[in-house]
Amino acid sequence: MQIPIMVGGATTSEMHAALKIAPEYRGAVVWVKDAAQNVVVLSKLLNANEHDKYCEALQQRYAEMRKHYAEEQQRLVSLDEARKNKLNLFE
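To convert, note that position 64 of the sequence shown is 178 in this note's numbering; the numbers rise steadily by one, no gaps.
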């Protein structure tokens, strides 16, 4: 079993955990909104019956978030393209 990484609070977000941290670590990476959730998350990670199911659900959620993020990035246009398509309000 890998040691899980728990991140949260004002310094990070679930998206950051999914995009930047989870792909670089083999064990579970768990983002928690606030410290009050730590007990619930830890109980799932330490429970032999729930650990694998919980970690699999996290991996699937993070994979979906990465996919959605990649799709959103493809819809963005370059700065030059955006400037060409600007709205001319005062001309």
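We put the CB at the ideal spot given by N, CA and C, even for glycine.
- Sequence-distant Cβ neighbours of arginine 180 in its own chain, meaning closer than 8 Å and more than five residues away, are Ala132, Leu133, Pro137.
- Of the other Cβ atoms in all chains shown, fewer than 16 fall within 10 Å of the Cβ of lysine 167; this residue is therefore exposed.
- Valine 143 and valine 155 do not touch by the CB rule: their CB atoms are close to 11 Å apart, not below 8 Å.
- Glycine 123 carries a helical assignment under DSSP once its states are collapsed to helix, strand and coil.
- Looking at the DSSP output, valine 144 bridges to Met120.
- Glutamine 188 and glutamate 195 have their alpha carbons spaced roughly 14 Å apart.
- Taking every protein chain shown into account, the CB of valine 191 has fewer than 16 other CB atoms within 10 angstroms, so this residue is exposed.
- Going by DSSP, asparagine 152 is part of the alpha helix (DSSP H) stretching over 152-160.
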